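Q: Heads up: the sequence shown begins at 18 in the working numbering, then just goes up one per residue. Glycine is no exception: its CB is placed at the ideal position from the N, C-alpha and C atoms. Just so we're clear, the structure is a prediction, and the values are computed from it rather than from any experiment.
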Amino acid sequence: MSIEKSVAADEYHSKDFDWEDLRRDIESDPSFSFHLSPFLQSSSPSSDSQAWSHFHSRHSTGKFFKERRYLLKEFPDLLSCDDYSKVLEVGCGNGSTVLPILRAKEKTSVYACDCSVEALERAMQNIADADIENVIYRYHQFCCDFSVAQFPKWLACDLCRTKRVEKSLPYYTCIKYEVNESEGTLTSSPPNKDGRCCLGGVDFLTLIFTLSAVSPERMMTAVRECFSVLKPGGLLLFRDYGLYDMTMLRFEPEKRVGFRHYMRADGTLSYFFDLVCARDLFVGVGFIELELEYCCVKSVNRRKGKSMRRVWVHGKFQKPS
Ligand SMILES: C[S@@+](CC[C@H](N)C(=O)[O-])C[C@H]1O[C@@H](n2cnc3c(N)ncnc32)[C@H](O)[C@@H]1O
């Protein structure tokens, strides 16, 4: 994580090496063989949030994660979207992903959640310090561990989650439908007095270095939850650690807690995705794959004079309309 923050924005766009070459190097090197062996007994904790709360408390200046300036270049849909689009940033940390989105489009609203209250405090402070226009109307945050709990109903009610959104109404308005079980019919009832039952879901959901922090056995549930709060046609933007990233290869054997899954010294977890695993997760819950690839970047540690091969997975997935 510490190296990630030192890489300049432009470097994130290059394809410095071929992932298949890296794979061949790693899989033929006996010193890395323990990373490849099957792991039968996973020892992941039941919840990941406590370690993250400790992490955010320790990094109390909130400056540990830098603003992700490359985000809009990697995900230009966040720039070209309609006015009044809504974005949900899941696992917002101290606001590194939220900030560039709020700055880029003054009519975009950002909803952000994290499982750690401490993270949310840092995010709120960083966003207040950034002096962004109308931010109090455009930024809303809440605490949620999306791997074990649903997103709040005010974001997307049960009816919006199951896609029964009336398209001819203003985009934020959802109609409540009553199901008459005995007659098998649907009748609509008027929305609340302010014209809304809920937000009607979001246009974009960003998962930036968050899913890797969720235990693999809960990832599918977490991704399904993301699917459910997107509007039909909405986009999920994904970026996370890729298989054979340098940070994976630095873990010692005793740090393994599962296959491609490691625990850092501070107790936070990190999973390393290959494209097949990412595809299975997102397509498996109903997303359409629009983009999915490795980003392979050579980064030089000038102090040590060492070149490091960084690997991230970049994905863009759409909820069917
Ligand atoms: C590596 S940080 C990424 C932060 C941010 N997305 C960014 O772009 O910098 C991962 C964040 O996810 C949060 N997180 C981890 N597991 C979570 C979960 N199950 N539900 C919600 N947030 C979670 C952590 O507290 C942490 O702030």
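On the three-state DSSP scale, how would you describe residue 129?
A: strand
Q: Taking the straight line between their C-alpha atoms, what separation do you get for residue 221 and residue 228?
A: One C-alpha to the other measures close to 16 Å.
Q: According to DSSP, is residue 331 part of a helix, a strand, or is it coil?
A: Note: residue 331 maps to strand in three-state DSSP.
Q: Does the segment 276 to 296 touch the segment 242 to 251, meaning 3 or more C-beta pairs lie closer than 8 Å?
A: The segment 242 to 251, when compared against the segment 276 to 296, does not touch it at the 8 Å Cβ threshold.
Q: Can you check DSSP and say which residues form a bridge with residue 275?
A: 278
Q: Rounded to the nearest angstrom, how far is the Cβ of residue 311 from that of residue 36, given a contact under 8 Å?
A: That belief holds up - the Cβ atoms of residue 311 and residue 36 are roughly 4 Å apart, short of 8 Å.
Q: Report the residue from 77, 66, 118 whose alpha carbon sits nearest the alpha carbon of residue 356.
A: In the structure as shown, the chain starts at 18 and stops at 338, and residue 356 therefore has no counterpart that could be examined.
Q: Would you tell me roughly how many angstroms separate the C-alpha atoms of residue 2 and residue 130, rounded to the nearest one?
A: Residue 2 lies beyond the residue range present for the chain, which begins at 18 and ends at 338; the question has no answer from this structure.
Q: Would you mind stating whether residue 239 and residue 69 have Cβ atoms separated by less than 8 Å?
A: One thing to note: residue 239 has its Cβ no nearer than 8 Å to the Cβ of residue 69.
Q: In whole angstroms, what separates the C-alpha of residue 234 from that of residue 66?
A: 15 Å
Q: So, at 7 Å on beta carbons, what are the nonlocal neighbours of residue 367 in its own chain, with the 5 sequence-adjacent residues on each side left out?
A: No statement about residue 367 is possible, as the shown extent of the chain runs from 18 to 338 and does not include it.
Q: Pull the bridge partners of residue 104 from the DSSP assignment, please.
A: Residue pairing for residue 104: DSSP places it in a beta bridge opposite 127, 221.
Q: If the criterion is Cβ atoms closer than 8 Å, does the pair residue 246 and residue 320 meet it?
A: no
Q: Would you tell me roughly how many angstroms separate the C-alpha atoms of residue 325 and residue 109, rounded to the nearest one?
A: 27 Å
Q: Roughly how many angstroms separate the alpha carbons of residue 219 and residue 74, rounded to a whole number?
A: 30 Å
Q: Can you give me the Cβ contacts of residue 4 inside the same chain, cut-off strictly under 7 Å, excluding the 5 residues immediately before and after it?
A: The chain is shown only over 18 to 338; residue 4 falls outside these bounds and no answer can be derived.
Q: If residue 167 and residue 242 are in contact, beta carbons under 8 Å, what's the gap, nearest whole angstrom?
A: 6 Å
Q: Report yes if the C-beta of residue 245 is less than 7 Å from at least one heavy atom of ligand 1; otherwise report no.
A: no
Q: Is the distance from the Cβ of residue 328 to the Cβ of residue 39 below 8 Å?
A: yes
Q: Would you call the CB atoms of residue 258 and residue 290 closer than 8 Å?
A: yes
Q: Can you find the residues in the same chain that come closer than 7 Å, C-beta to C-beta, to residue 263, ignoring five residues on each side of it along the sequence?
A: Within the same chain, residue 263 has close Cβ partners 325, 326, 327.
Q: Just to confirm before moving on: does the CB-CB distance between residue 83 and residue 101 stay below 8 Å?
A: no
Q: Going by C-alpha distance, which of 133, 332, 296 is nearest residue 237?
A: Nearest neighbour of residue 237 by Cα position, chosen from 133, 332, 296, turns out to be 296.
Q: With a CB to CB cut of under 8 Å and the five nearest residues on each side skipped, what residues in its chain are close to residue 172?
A: 105, 128, 215, 216, 218, 219, 246
Q: Please tell me whether residue 146 has its Cβ less than 8 Å away from any Cβ of chain B.
A: Among the protein chains of the structure shown there is no chain B, as only one such chain exists.
Q: Skipping 5 residues on each side, what residues in its chain have a beta carbon closer than 6 Å to that of residue 338?
A: 249, 250
Q: Measuring only from the beta carbon, is residue 43 closer than 7 Å to any heavy atom that is part of ligand 1?
A: no
Q: Measuring CB to CB, does residue 300 end up less than 8 Å from residue 33?
A: Result no, Cβ atoms of residue 300 and residue 33 do not sit closer than 8 Å.
Q: Within a Cβ cutoff of 6 Å, which residues of the same chain sit near residue 302, ignoring the five residues on either side of it in sequence?
A: 240, 241, 244
Q: Tell me the rounded alpha-carbon separation between residue 276 and residue 150.
A: 45 Å
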